[in-house]
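Peer 1:
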Amino acid sequence: QNPVPSITLIPNHGVDGDCHAGQTTQHRVQAQPQRTPNLRQVHLVPVETIRELSGRLSAAAGAANTKPLSAGEIGENITTEGVELSTLPLGTEVRFLGEDGKEEAVVVLTGVREPGPGMDKCRAGLRDVCVVRDGSRAVKRLAGVMGTVKKGGVLRLGMEIRIVKP
């Protein structure tokens, strides 16, 4: 994805013009004949995660001069800042506020993005660095989170985010 100054979210559909938008599953790997509800309408990734992945890629490649990942490069629709999305419970509402403080759009978190084989098409080795195991064998996935659009609207760069947990 290439960064753009704004995107339009459509309720129960996703990002206007995005190949994953729709009320039923659009992802080829997960699409079922019965057309299951699409819980992956929107992909959100914190910029802090993008920076961490860039560092992990450089370390894995053994080269400090590996080109850093940029916003949109791993396919996210929305890049956030200052909110640790992966720690939020399912059903959390991510509310985007306009300059006047009014709610413009709402995305409901439906799960963590599983880093699939397409990640390596973005950058070689990216899928491997997206999965982190700690000493207790817990697994953390660094590929962002998925959500559905509860309230549509236009998102612009720099909008404030309000988190409402279920």
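Numbering (my numbering), first residue to last: -19 to 146. Yeah, the Cβ is synthetic: ideal placement off N, Cα and C, and Gly gets one too.
The beta strand (DSSP E) that contains Cys131, what's its start and end?
Peer 2: Checking the sequence shown, residue 131 turns out to be Lys, not Cys. It spans Val125 to Lys131 - the beta strand (DSSP E) in which Lys131 sits, taken as one unbroken run.
Peer 1: Could you tell me which whole beta strand (DSSP E) segments of length 3 or greater appear in the stretch 55 to 111?
Peer 2: The stretch 55 to 111 contains these whole beta strand (DSSP E) runs: 58 to 60, 73 to 77 and 83 to 92.
Peer 1: Could you give the residue range of the beta strand (DSSP E) that holds Val25?
Peer 2: It spans Val22 to Pro26 - the beta strand (DSSP E) in which Val25 sits, taken as one unbroken run.
Peer 1: What are the partner residues of Val119, as DSSP defines its beta bridges?
Peer 2: DSSP, once it has assigned bridges, lists Arg113 as partnering Val119.
Peer 1: From the DSSP output, in three-state form, read off Glu53 for me.
Peer 2: Correct three-state label for Glu53: coil.
Peer 1: Who are the Cβ neighbours of Glu73 in its own chain at under 6 angstroms, not counting the five residues just before and after it?
Peer 2: So the qualifying residues of the chain are Val86, Val88 and Val144.
Peer 1: Below 9 angstroms between beta carbons: does that hold for Glu53 and Arg103?
Peer 2: In contact: Glu53 and Arg103 (Cβ atoms closer than 9 angstroms).
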